[in-house]
Amino acid sequence: MFNARRAFVVAVAICLSTLTARAQINPGHLTGIVKDAQGAVLPGVTVTATSPALLGAQSVTSEANGEYRFPSLPAGTYTLTFELSGFQTLAAEFLDAALAGKRHGFSNVRDTLEEVHKGMSKAYPCGAGLGLMGVATDGDVALCHRFAGSDEHKLGSVFSGVDHSRQDEFLLKHHIANKTDCSTCWARPLCAGGCYHEAHTRYGSTVEPNLHYCEWIRAWTNTCLEVYGALADKKPEFLAQFD
Ligand code: SF4
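So the sequence shown is residues 1133 to 1375, counted in this note's numbering.
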């Protein structure tokens, strides 16, 4: 079943490869979904396509569901770049709304503010294999919905239960302390190495940290820290919701 999903995975991998990615496409459109290291969709990301086949560059912005679409491109080899400018605009809007006592629906900022406020230091990038699992139609249980149906990432079955020895082995192997490439990174407490599925798609192993994400993750984390600092200074009561 996992193989049957591969066409989808490859299509998404173009956009998941963060700051730069190469894509060979046919005449027509190019689409994808932008996600962060935890696999959450990212709206407001400026995606720019450049190619010898193009005069100049084409840019689009990811939608609320993270999707972006270049409707008409000539055949060629493309480099995609993903920039935070749209994301930072939304973060600035979020800050303005919070300072004005209004609600803003950009949950990516809110979630990171909560993590910062609570002083989170993550051992794992997300709940996959920990408190969250994905179930395939045959009842097999895997790390998360993205791995549902993958025998390699199976952690049990709804009929026989979770294989706790396999789960323990997974958690031990994927603990942030074992990701030595991340050991000196200041963003590590919030990133924890990034999405397992992205690592599997990019490097063929869930154990690898998403080092191609780092510049993006650190820029985004820095933006959220700036928002947090501004709120702590000017509207500390907003942060009290996270107490
Ligand atoms: S080094 Fe990169 S992947 Fe590792 S924690 Fe830092 S930003 Fe995340």
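For glycine and all other residues, C-beta sits at the position ideal for the given N, C-alpha and C.
Kindly list the residues whose CB is nearer than 7 Å to the CB of Q1299, restricted to its own chain and excluding five residues on each side of it in sequence; keep chain order. Here residue 1299 is taken as the residue at index 167 of the sequence shown, counted from 1. Correct list, in chain order: G1261, L1287.
Just the Cα atoms here: how many angstroms apart are V1179 and E1195? Position 47 of the sequence shown holds residue 1179. Position 63 of the sequence shown holds residue 1195. If I take the Cα positions, the gap works out to 11 Å.
Can you grab the Cα-Cα spacing for the pair Y1256 / V1248, in whole Å? On the sequence shown, position 124 is the one that residue 1256 refers to. On the sequence shown, position 116 is the one that residue 1248 refers to. In this structure, the alpha-carbon of Y1256 lies about 16 Å from that of V1248.
Does DSSP put G1160 in a helix, in a strand, or in coil? Within the sequence shown, residue 1160 is the residue found at index 28, counting from 1. In the structure shown, G1160 falls within a strand segment according to DSSP collapsed to helix, strand and coil.
Any heavy atom of ligand 1 nearer than 7 Å to the CB - residues listed: A1169, K1311, D1313, C1314, C1317, A1319, R1320, C1323, A1324, G1325, G1326, P1341, N1342, L1343, Y1345, C1346, I1349, R1350
In terms of residue numbering, what span does the beta strand (DSSP E) encompassing D1192 cover? Reading the sequence shown from its first residue, position 60 is the one you call residue 1192. First, the amino acid is wrong: residue 1192 is Val here, not Asp. Unbroken beta strand (DSSP E) run through V1192: 1190-1193.
For A1235 and V1177, what's the separation of their Cα atoms in angstroms? Counted from its first residue, the sequence shown places residue 1235 at position 103. Counted from its first residue, the sequence shown places residue 1177 at position 45. It should be pointed out that residue 1235 corresponds to Arg in this sequence rather than to Ala. The alpha-carbon atoms of R1235 and V1177 are separated by roughly 21 Å.
Where do the N-terminal and C-terminal ends of the beta strand (DSSP E) with R1278 fall, by residue? To locate residue 1278, count along the sequence shown from 1; it is residue 146. Where R1278 is concerned, there is no enclosing beta strand (DSSP E), given that its DSSP letter is neither H nor E.
Distance between beta carbons of K1305 and P1341, contact taken as under 8 Å: By 1-based counting over the sequence shown, the position of residue 1341 is 209. By 1-based counting over the sequence shown, the position of residue 1305 is 173. Not a contact, Cβ separation roughly 13 Å.
What do you reckon, are the CB atoms on F1226 and V1359 nearer than 8 Å? As a working note, residue 1226 is residue 94 in the sequence shown. As a working note, residue 1359 is residue 227 in the sequence shown. Their beta carbons are under 8 Å apart, which means F1226 touches V1359 by this criterion.
For A1256, which three-state DSSP category applies? As a first step, residue 1256 must be located in the sequence shown, where it is residue number 124. Sequence inspection shows Tyr at residue 1256; the Ala mentioned does not correspond to that position. Here Y1256 sits in coil by DSSP.
Short check: CB of H1161 to CB of L1212, under 8 Å? In the sequence shown, the residue the question calls residue 1161 occupies position 29. In the sequence shown, the residue the question calls residue 1212 occupies position 80. Their beta carbons are not under 8 Å apart, which means H1161 does not touch L1212 by this criterion.
Measuring alpha carbon to alpha carbon, tell me which of G1164, D1283, D1228 ends up nearest Y1200. By one-based count along the sequence shown, residue 1200 stands at place 68. It is G1164.
Counterpart residues of I1349 in DSSP-defined beta bridges: The sequence position of residue 1349 within the sequence shown is 217, counting from 1. Per DSSP, none; premise fails for I1349.
Per the DSSP calculation, K1286 is bridged to which residue(s)? To locate residue 1286, count along the sequence shown from 1; it is residue 154. Beta-bridge pairing links K1286 to A1274.
Are the CB atoms of Q1190 and G1355 within a distance shorter than 8 Å? The residue labelled residue 1355 in the question sits at position 223 within the sequence shown. The residue labelled residue 1190 in the question sits at position 58 within the sequence shown. Position check: residue 1355 holds Thr in this sequence, whereas Gly was assumed. No, Cβ-Cβ distance for T1355 and Q1190 is not below 8 Å.
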